[in-house]
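J.: Protein chains in written order, with this note's numbering: chain A, 241 to 486; chain B, 119 to 591.
Using N, Cα and C, we set each Cβ at its ideal position, and we do this for glycine too.
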């Protein structure tokens with residue numbers, strides 16, 4: 241089965257549409273959303289509707305910290321993020337909010353685990369930004385492949401037979417064999433707010449038959465999204481970072 | 119991590135083990151059969167020590183990651199693989215010809231045999247590098263030969279794929295290669311430089327030509343370190359009939375600093391197949407090892423050295439040091455076109471200053487009968503064309519060893535250019551198109567055929583219509 245893994249769309253319609261257009265060419269069997277459909281971006285309603293429609297057709301989706309923040313008013317987000325969520329709440333319909341509220345924290349497909357931030361304590365939104373942060377996910381889960389988002393920069397980790405965790409640099413477009421003597425954790429790059437220096441929508445393809453993972457980037461019209469961010473009166477930093485991809 | 123113990127008759131995933139063919143330090147190799155495959159096959163099974171045997175396991179994982187992704191005649195075809203849940207293995211086609219080890223045992227070999235084998239080995243390495251893999255453990259045992267002549271590279275346990283996770287990056291307990299053949303930078307634990315493979319090739323050619331290893335057979339790592347400053351005995355001092363050009367190739371491949379070696383396997387193949395064009399330097403002439411003070415100074419300079427500057431990875435090398443084949447039309451009426459070709463080549467060299475330029479001109483011979491090799495004035499055609507070709511290239515400022523001239527003779531110029539491009543492993547072909555004429559439309563132009571059939575990029579230079587009119591006027 242070929243799974244398309246999309247994460248951190250963050251209400252960026254242009255980036256989301258660009259990835260969906262790419263998927264019509266690559267024809268995955270299933271789409272999996274790793275959360276953070278909303279927040280930061282100007283099109284939360286459209287993005288939630290689109291994901292909900294795809295879930296109705298068999299896609300999987302888990303919940304991210306921004307999706308959760310729509311329903312609760314705690315201080316878990318930074319100031320800019322909170323400001324956008326407060327703006328977002330007023331732009332979502334009741335069914336859209338309900339959809340976000342009903343999203344599970346984790347999902348599985350065969351021996352693959354999907355979670356927004358980390359497999360250990362998924363509700364704590366831990367950033368997997370190094371080998372030490374990846375280790376606990378391997379410890380708590382026996383999934384052979386763990387796919388997460390949240391960091392907005394793609395990264396790959398493996399855990400060998402002795403339990404040692406190793407980080408591997410990501411090469412875009414190259415199918416990486418997830419050899420079976422190791423377990424793997426992939427941080428998938430963000431669709432709607434990439435932070436690795438390129439204004440390109442990121443996603444990943446997992447082929448469970450060939451046992452290969454491919455990180456991909458798709459160009460999108462970041463200037464339009466940035467313009468919408470500004471027009472909506474959202475923080476300027478959130479517009480300019482889209483242009484720079486950081 | 120209990121593994122099934124391999125034995126004759128064992129069945130796993132449809133494969134049945136036959137006779138054990140080889141038993142090495144890290145693995146055993148078995149003959150296997152499968153009801154669905156008729157190809158003769160072998161199964162390689164890592165020998166896992168009791169408990170956790172890190173180095174063997176990681177080496178095997180590297181093979182499992184890299185081998186199934188390789189294609190072509192210079193690598194064994196993978197037929198199946200199994201992980202450590204029951205018994206780790208890789209099944210590949212069986213290469214019946216035996217390894218270069220058999221050949222090397224008879225060294226010193228006749229020189230034409232050395233040169234032939236060296237070129238074939240370099241071909242295999244060039245093909246591997248093209249597929250983003252640096253072997254890093256090249257030795258005679260790892261070159262098998264197909265019945266059709268191609269060398270096949272085996273044993274990828276220490277290899278590095280440019281675009282895949284390097285599982286060995288942090289594995290410091292792993293032996294980093296085979297001592298007689300490893301490059302100085304491998305001793306320094308750099309595993310990202312394709313020129314390490316060219317060093318090992320140099321060591322093997324040295325061995326085939328002289329019957330000796332350039333640095334003996336070190337047993338300890340500290341002895342391997344000596345090659346950072348000590349130069350090998352020049353091959354010609356061991357065997358006088360070795361030509362200077364061959365010694366030049368060998369010693370260039372064995373340079374300590376990778377920047378002074380060949381920069382790609384293709385460049386090495388070029389020299390091995392064009393001996394007359396090898397520029398012989400001090401390296402080719404020398405008949406004794408460097409003197410005490412030279413070596414002492416080098417040793418001092420190497421104190422505390424950590425590496426040799428930026429490695430050349432397989433991802434970049436084709437772009438960085440390409441072989442540029444330029445087919446020049448020397449006909450007098452084509453002067454404007456060949457001038458335009460000249461300026462295009464100059465521009466190309468601005469982008470790729472490391473390029474090697476191979477200039478060719480084709481003498482079109484008659485299909486039947488005896489060819490005229492001298493013109494009406496009695497000048498030897500071949501020689502006069504060579505002079506003209508050199509004249510055309512006047513102003514292309516490259517060191518002699520990166521600018522070569524070849525005159526080809528063929529009834530069919532397009533075939534001559536295409537064959538030569540294959541032979542020199544050209545990365546890019548540049549030529550002029552003569553323009554439009556009725557005959558060309560019916561018979562097809564040389565450039566059109568080259569564009570259609572070449573295996574590399576082709577740039578065709580044309581004169582704009584305006585320019586031609588101006589010419590005619």
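Evaluate the contact criterion for the segment 454 to 471 of chain B versus the segment 326 to 340 of chain B: three or more CB pairs, one atom per stretch, below 8 Å.
T.: Cβ pair count under 8 Å is below three, so no.
J.: Could you have a look at residue 360 of chain B and say whether DSSP puts it in helix, strand or coil?
T.: DSSP places residue 360 of chain B in coil when its eight states are reduced to three.
J.: When DSSP labels each residue in this structure, what does residue 443 of chain A get in the three-state scheme?
T.: Strand, per DSSP.
J.: Which parts of the segment 326 to 381 of chain A are runs of the alpha helix (DSSP H), unbroken and 4 residues or longer, counting only runs that do not cross its ends?
T.: For the segment 326 to 381 of chain A, whole alpha helix (DSSP H) runs of length 4 or above, ordered along the chain, are 334 to 342, 371 to 380.
J.: Would residue 419 of chain A be called buried (16 or more neighbouring beta carbons within 10 Å of its own) or exposed?
T.: Residue 419 of chain A should be labelled buried.
J.: Given residue 159 of chain B, which residues of its chain have a CB within under 8 Å of its CB, disregarding the five upstream and five downstream residues?
T.: If we look at residue 159 of chain B and ignore the five residues flanking it on each side, its Cβ neighbours are 133, 149, 150, 151, 152, 197, 209, 210, 211, 212.
J.: Is residue 410 of chain B buried or exposed, if buried means 16 or more other CB atoms sit within 10 Å of its CB?
T.: That one is exposed.
J.: Nearest-angstrom Cα distance between residue 162 of chain B and residue 207 of chain B?
T.: Distance between the alpha carbons of residue 162 of chain B and residue 207 of chain B: 6 Å.
J.: Taking C-beta pairs closer than 7 Å, name the residues in chain C that residue 283 of chain B reaches, listed in chain order.
T.: Of the chains in the structure shown, none is chain C; the protein chains are A and B.
J.: Going along chain B, which residues have a C-beta under 7 Å from residue 411 of chain A?
T.: Correct list: 281.
J.: What is the rounded straight-line gap between the Cα of residue 406 of chain B and the Cα of residue 138 of chain B?
T.: If I take the Cα positions, the gap works out to 46 Å.
J.: Pairs of beta-carbons, one from the segment 301 to 312 of chain B and one from the segment 263 to 271 of chain B, closer than 8 Å: are there three or more?
T.: Output reads no: the segment 263 to 271 of chain B does not touch the segment 301 to 312 of chain B.
J.: Do residue 240 of chain B and residue 386 of chain B have their C-beta atoms closer together than 8 Å?
T.: Yes; because the gap between Cβ atoms is below 8 Å, this pair is in contact.
J.: Measuring CA to CA, which of A/317, A/402, A/363, A/476 is closest to residue 378 of chain A?
T.: The option with the nearest alpha carbon to residue 378 of chain A is A/402.
J.: With a threshold of 8 Å between beta carbons, is residue 441 of chain A in contact with chain B?
T.: Cβ-Cβ to chain B under 8 Å: no for residue 441 of chain A.
J.: Is residue 421 of chain A close to chain B, meaning its C-beta is less than 8 Å from at least one C-beta of that chain?
T.: For residue 421 of chain A, the answer is yes, since a Cβ of chain B falls inside 8 Å of its Cβ.
J.: Straight-line CA distance for residue 367 of chain B to residue 413 of chain A?
T.: One C-alpha to the other measures close to 38 Å.
J.: In the DSSP assignment, what are the bridge partners of residue 414 of chain B?
T.: Its beta-bridge partners do not exist; DSSP assigns none.
J.: Roughly how many whole angstroms lie between the Cα atoms of residue 164 of chain B and residue 427 of chain A?
T.: Looking at the two C-alpha atoms, the distance is approximately 32 Å.
J.: In three-state DSSP terms, what is residue 396 of chain A?
T.: It is a strand residue.
J.: Could you check whether residue 254 of chain A and residue 465 of chain A sit closer than 8 Å to each other, using their CB atoms as the reference points?
T.: Yes, the pair counts as a contact, with Cβ atoms nearer than the cut-off.
J.: Quick check on this structure: which residue in B/398, B/439, B/186 has the alpha carbon closest to the alpha carbon of residue 450 of chain A?
T.: The shortest Cα separation from residue 450 of chain A among B/398, B/439, B/186 belongs to B/186.
J.: Identify whether residue 428 of chain A lies in helix, strand or coil by the three-state DSSP scheme.
T.: Residue 428 of chain A falls in the coil class under three-state DSSP.
J.: What does the Cβ neighbour count give for residue 589 of chain B, buried or exposed, with the cut at 16 atoms within 10 Å?
T.: With a pLDDT of only 44 at residue 589 of chain B, under the threshold of 50, the placement of this residue in the model should not be trusted, and no figure is reported.
J.: Name the one or two DSSP bridge partners that residue 148 of chain B has.
T.: B/138, B/161, per the DSSP bridge assignment.
J.: Taking Cβ-Cβ distances shorter than 7 Å, what residues in chain A pair up with residue 131 of chain B?
T.: The premise fails here: residue 131 of chain B is roughly 13 Å from chain A at the closest Cβ pair, so nothing lies under 7 Å.
J.: What residues are listed by DSSP as bridge partners for residue 575 of chain B?
T.: Paired residues: B/546.
J.: Compare the C-beta of residue 478 of chain A against all C-beta atoms of chain B and say whether one is closer than 8 Å.
T.: Judged by the 8 Å Cβ criterion, residue 478 of chain A is not in contact with chain B.
J.: Given that residue 175 of chain B touches chain A, what residues does it touch there, using C-beta distances under 9 Å?
T.: Ordered by position in chain A, the residues that pass the 9 Å Cβ test against residue 175 of chain B are 400, 401, 402, 421.
J.: Enumerate in chain order the residues of its own chain whose CB-to-CB distance from residue 262 of chain A is below 6 Å, with the five nearest sequence positions on each side excluded.
T.: 458, listed in sequence order.
J.: When you check each C-beta in the segment 201 to 226 of chain B against every C-beta of chain A, which residues fall closer than 8 Å?
T.: For the segment 201 to 226 of chain B, which is checked against every Cβ of chain A, the residues closer than 8 Å are 201, 202, 203, 206.
J.: Please report the distance separating the alpha-carbon of residue 436 of chain A from that of residue 274 of chain A.
T.: In a straight line, the C-alpha of residue 436 of chain A is about 18 Å away from that of residue 274 of chain A.
J.: Taking a Cβ distance cut-off of 7 Å, strictly less, list which residues of the segment 452 to 481 of chain B are near chain A, in chain order.
T.: Result list empty, no residue passes.
J.: Starting from residue 337 of chain B, trace the beta strand (DSSP E) both ways and give me its first and last residue.
T.: Run containing residue 337 of chain B: none; DSSP gives neither H nor E here.
J.: Note down the Cα distance separating residue 383 of chain B from residue 432 of chain A, rounded to an integer number of angstroms.
T.: Going from the Cα of residue 383 of chain B to the Cα of residue 432 of chain A covers about 43 Å.
J.: Report the neighbours of residue 172 of chain B on chain A: residues whose CB is nearer than 9 Å to its CB, in chain order.
T.: Chain A residues near residue 172 of chain B: 400, 401, 402, 404.
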